[in-house]
Amino acid sequence: MSGFSIDIKGILEGLAVFELKSKAAIGLYADTAGKKLEAEAKKSATWIDRSGLARKNIKGGKEWQGDQCRVYVCGNMVYSPYLELCNDKKYAVLKPTVDKLSPEILRGLNNLLR
Numbered sequence: 009m010s011g012f013s014i015d016i017k018g019i020l021e022g023l024a025v026f027e028l029k030s031k032a033a034i035g036l037y038a039d040t041a042g043k044k045l046e047a048e049a050k051k052s053a054t055w056i057d058r059s060g061l062a063r064k065n066i067k068g069g070k071e072w073q074g075d076q077c078r079v080y081v082c083g084n085m086v087y088s089p090y091l092e093l094c095n096d097k098k099y100a101v102l103k104p105t106v107d108k109l110s111p112e113i114l115r116g117l118n119n120l121l122r
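Here our numbering is used: the first residue of the sequence shown is 9, the next is one more, and so on.
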């Protein structure tokens, strides 16, 4: 009886290339989504600018943590948490922006992964 052998080297190489391309596409999309969150947060901030630093220092982007890609938007001033959490959240802009845009971002990611 003759033996049956399969060479899966090509399949493994193809999967490695697919993983690299997928990570690159996800990283690019995530960075674009982070910049979109940043732009929307800066546009919809309801407070009156005194120095303009709170609005100017809102940053959005992406970061890789192991195999996970995280999209973020943050305020980088010492008083940013007070804008988000105090005064009955009257001046909150980061969480409302994430709530507003996350369905759109997730739909786009779903389309990317199809």
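Built from N, CA and C at the ideal position, the CB exists for glycine as well.
Residue 14 and residue 67 have their C-alpha atoms some 51 angstroms from each other.
DSSP, reduced to helix, strand and coil, places residue 63 within a helical segment of the structure shown. Using a 10 angstroms sphere on the CB of residue 46, the tally of other CB atoms reaches 16 or more, which defines it as buried. Apart from the 5 residues on each side of it in sequence, residue 54 sits with its Cβ closer than 8 angstroms to the Cβ of 98, 99 and 101 in its chain, given in chain order.
The bridge partners DSSP lists for residue 35 come to none.
For residue 74, there is no enclosing alpha helix (DSSP H), as DSSP marks it with neither H nor E.
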